[in-house]
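Asker:
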Amino acid sequence: MSKIIVFGAGGRAGRAAVAEALQRGHHVTAVVRNPGKYHDLEGAGVRLLAGDVTDTDTVADLAAGHDAAIMAAYDAGAQPDVFFTAAAHALLDGLARAGVGRLVAVGLAATLETADGTPLMDTPGFPQEYRPFCLAHAAGTTVLHASVTAVDWLVVSPAGDFANAEACSGRYSVVGVDMDSRVSHSDFALALLDEIDTPRHHRVQIGVEGA
Ligand SMILES: NC(=O)c1ccc[n+]([C@@H]2O[C@H](COP(=O)([O-])OP(=O)(O)OC[C@H]3O[C@@H](n4cnc5c(N)ncnc54)[C@H](OP(=O)(O)O)[C@@H]3O)[C@@H](O)[C@H]2O)c1
Numbered sequence: 286m287s288k289i290i291v292f293g294a295g296g297r298a299g300r301a302a303v304a305e306a307l308q309r310g311h312h313v314t315a316v317v318r319n320p321g322k323y324h325d326l327e328g329a330g331v332r333l334l335a336g337d338v339t340d341t342d343t344v345a346d347l348a349a350g351h352d353a354a355i356m357a358a359y360d361a362g363a364q365p366d367v368f369f370t371a372a373a374h375a376l377l378d379g380l381a382r383a384g385v386g387r388l389v390a391v392g393l394a395a396t397l398e399t400a401d402g403t404p405l406m407d408t409p410g411f412p413q414e415y416r417p418f419c420l421a422h423a424a425g426t427t428v429l430h431a432s433v434t435a436v437d438w439l440v441v442s443p444a445g446d447f448a449n450a451e452a453c454s455g456r457y458s459v460v461g462v463d464m465d466s467r468v469s470h471s472d473f474a475l476a477l478l479d480e481i482d483t484p485r486h487h488r489v490q491i492g493v494e495g496a
């Protein structure tokens with residue numbers, strides 16, 4: 286049993302991560318900005334706390350005593366190019382201060398590289414209206430890559446996208462990038478928790494698809 290802190294616990298990926306962690310018997314600290322909106326997250330094994338993932342002191346304070354952290358936050362109201370880099374810095378610095386050794390972050394398929402090393406967002410046919418958001422996500426991952434840190438980080442992305450249907454097959458594969466593939470949030474959460482319970486990938490970004 287581990288103690289896991291989930292930032293962005295009230296969102297789609299965050300909720301799935303909380304559910305899967307509880308299913309495995311872990312203790313979960315669910316971090317949201319406004320706990321008043323998320324009372325449904327409370328229950329056995331879950332502590333609901335207020336916190337902003339872009340604030341280093343908050344991350345350090347809330348994460349103390351945990352074994353691992355999951356980053357599933359996304360702020361649609363913030364400038365993406367500010368949000369993802371600020372969160373990456375705050376997580377690296379705050380988790381290191383708190384002595385938390387493992388960070389698993391939810392990433393974006395568009396920033397995965399195809400077989401020849403080209404990011405998906407740079408391949409022909411990729412919708413360019415999403416490009417600023419993709420670049421912002423990529424900038425956050427660049428902060429992780431550039432860091433010299435004791436935090437063993439990993440970015441896990443859908444290989445293509447999340448599925449609309451929320452069926453849980455109980456299986457997933459690590460496949461790199463495949464724009465046509467889909468993974469439910471529940472199956473995606475299996476990958477997040479597997480990489481905490483038995484870490485297999487380190488300081489890289491991986492893509493997963495559902496079975
Ligand atoms: N195809 C793909 O690769 C793909 C598709 C979809 C999503 N994604 C990625 O998956 C990640 C999660 O997406 P999602 O769909 O689960 O998002 P979501 O449902 O919008 O949830 C994001 C959560 O983050 C919380 N949040 C926002 N700012 C925060 C902050 N500063 N500190 C702490 N929590 C904060 C929000 O809660 P409050 O606003 O109430 O605080 C919200 O509950 C994102 O990085 C997204 O880009 C990838």
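Position in the sequence shown (first residue = 1) + 285 = this note's numbering.
The beta carbon of each residue, even a glycine, is placed where N, CA and C say it ideally should be.
Predicted model, so just to flag it, every value in this text is computed and none were measured.
Please report the residue range of the alpha helix (DSSP H) in which residue 430 lies.
Answerer: 416-431
Asker: What would DSSP say about residue 434, mapped onto helix, strand or coil?
Answerer: coil
Asker: Can you name, in chain order, every residue of its own chain whose Cβ lies under 8 angstroms from the Cβ of residue 305, other than the five neighbours on each side?
Answerer: 471, 474, 475, 477, 478
Asker: Which word fits residue 494, buried or exposed, when buried means at least 16 other C-beta atoms lie within 10 angstroms of its C-beta?
Answerer: buried
Asker: Using a Cβ-based criterion (distance less than 8 angstroms to any ligand heavy atom), does residue 416 qualify as near ligand 1?
Answerer: Checking every heavy atom of ligand 1 against the Cβ of residue 416, none is found closer than 8 angstroms.
Asker: Since residue 457 sits in a beta bridge, which residues does DSSP pair it with?
Answerer: Under the DSSP definition of a beta bridge, residue 457 partners with 495.
Asker: Can you tell me whether DSSP reads residue 445 as helix, strand or coil?
Answerer: coil
Asker: Would DSSP call residue 376 helix, strand or coil?
Answerer: helix
Asker: Within the same chain, show all residues whose beta-carbon is closer than 8 angstroms to that of residue 318, passing over the 5 residues directly before and after it, in chain order.
Answerer: 335, 336, 337
Asker: Check for me: the beta strand (DSSP E) holding residue 339 runs from which residue to which?
Answerer: Segment: none, residue 339 is in no beta strand (DSSP E) and carries neither H nor E.
Asker: Any idea which residues DSSP pairs residue 440 with across the strands?
Answerer: 390, 490
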